[in-house]
Amino acid sequence: MSALIARALRARSPVISPSRTAFFVRFVTTVHESSTSIAVETTIPPSKPMTGSTIVRNATEFSKTSERAYLVDLTPSKNYPVYPRTKSAGQSKFTVIKRIAGDKRAFAQDLANATGLPREDITISPVTDHVQIKGLHVTEIKKWLADEFGDPHKPTTSFEVSSP
Numbered sequence: 001m002s003a004l005i006a007r008a009l010r011a012r013s014p015v016i017s018p019s020r021t022a023f024f025v026r027f028v029t030t031v032h033e034s035s036t037s038i039a040v041e042t043t044i045p046p047s048k049p050m051t052g053s054t055i056v057r058n059a060t061e062f063s064k065t066s067e068r069a070y071l072v073d074l075t076p077s078k079n080y081p082v083y084p085r086t087k088s089a090g091q092s093k094f095t096v097i098k099r100i101a102g103d104k105r106a107f108a109q110d111l112a113n114a115t116g117l118p119r120e121d122i123t124i125s126p127v128t129d130h131v132q133i134k135g136l137h138v139t140e141i142k143k144w145l146a147d148e149f150g151d152p153h154k155p156t157t158s159f160e161v162s163s164p
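For the sequence shown, the UniProt record's numbering gives the first residue as 1, with consecutive numbering after it.
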């Protein structure tokens with residue numbers, strides 16, 4: 001019986017495998033204090049310094065985004081992440097907005113002010129951090145996002161191609 005317990009404890013002990021040694025040697029230093037505990041000192045590599053350059057996204061510069069505390073990221077197909085949802089066989093209908101980075105409360109307040117929706121109907125899911133709005137309002141919300149952040153399908157920058 002004690003052999004089974006010893007084998008189980010060995011399997012759970014924090015041992016660095018030989019295949020992962022290169023990563024741990026580069027970023028983590030370990031010090032053995034006793035046979036049962038390990039103190040780990042983590043060294044975080046320095047990141048690149050941030051510069052004050054303009055962030056260009058989808059070949060469009062947005063001057064109004066710097067004054068907001070939030071940003072709505074686009075989907076891989078370059079659309080705004082606004083989706084209709086129905087539950088309980090159509091008895092519960094709501095709109096979900098995903099991919100919001102930053103202050104979600106400020107986003108919900110600006111959404112309520114711009115679209116005229118009651119603030120009580122706009123909630124933030126504590127589990128997923130998605131914004132949920134009672135009712136199906138996909139077209140109004142996508143129109144507001146296009147007005148605020150720019151239409152992702154309409155290029156606003158022009159490129160001049162010189163012919164030889």
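Cβ atoms here follow ideal geometry from the backbone N, Cα and C, with glycine treated the same way.
Could you tell me the alpha carbon to alpha carbon distance between residue i and residue j, rounded to whole angstroms?
| i | j | result |
| --- | --- | --- |
| T95 | T86 | 9 Å |
| F23 | F107 | Any reading at F23 must be qualified, since the residue scores a pLDDT of 44, below 50, and its modelled position is unreliable; the value itself is stated next. Whole-angstrom Cα-Cα distance: 40 Å. |
| K78 | T128 | 21 Å |
| I122 | G150 | 23 Å |
| N113 | A89 | 31 Å |
| Q91 | P118 | 20 Å |
| G102 | I124 | 13 Å |
| L74 | E67 | 19 Å |
| residue 180 | K134 | Given a span of 1 to 164 for the chain in the structure shown, any question on residue 180 remains unanswerable. |
| E120 | W144 | 19 Å |
| Q132 | P152 | 22 Å |
Who pairs with residue i in a beta bridge, going by DSSP?
| i | result |
| --- | --- |
| F94 | R85, K134 |
| I124 | V131 |
| I100 | V72 |
Let's see if you can read the secondary structure: which residues bound the alpha helix (DSSP H) around residue i?
| i | result |
| --- | --- |
| residue 176 | A query on residue 176 cannot be resolved here, the shown segment of the chain reaching from 1 to 164 and no further. |
Can you give me the start and stop residues for the beta strand (DSSP E) that residue i sits inside?
| i | result |
| --- | --- |
| V72 | 70-72 |
Look at the Cβ atom of residue i, then the Cβ atom of residue j, and state whether they are nearer than 8 Å.
| i | j | result |
| --- | --- | --- |
| K98 | P84 | no |
| V138 | I100 | no |
Could you tell me which of the options sits nearest to residue i, measuring between CA atoms?
| i | options | result |
| --- | --- | --- |
| L136 | W144, K93, L111, Y70 | K93 |
| L111 | T75, P155, A146 | A146 |
| V104 | E120, G116, H130, T115 | One point to set straight first is that residue 104 is Lys, not Val, in the sequence displayed. K104 has its Cα closest to that of H130, out of E120, G116, H130, T115. |
| A69 | P76, T75, Q109 | Q109 |
| G116 | K154, P126, I141 | I141 |
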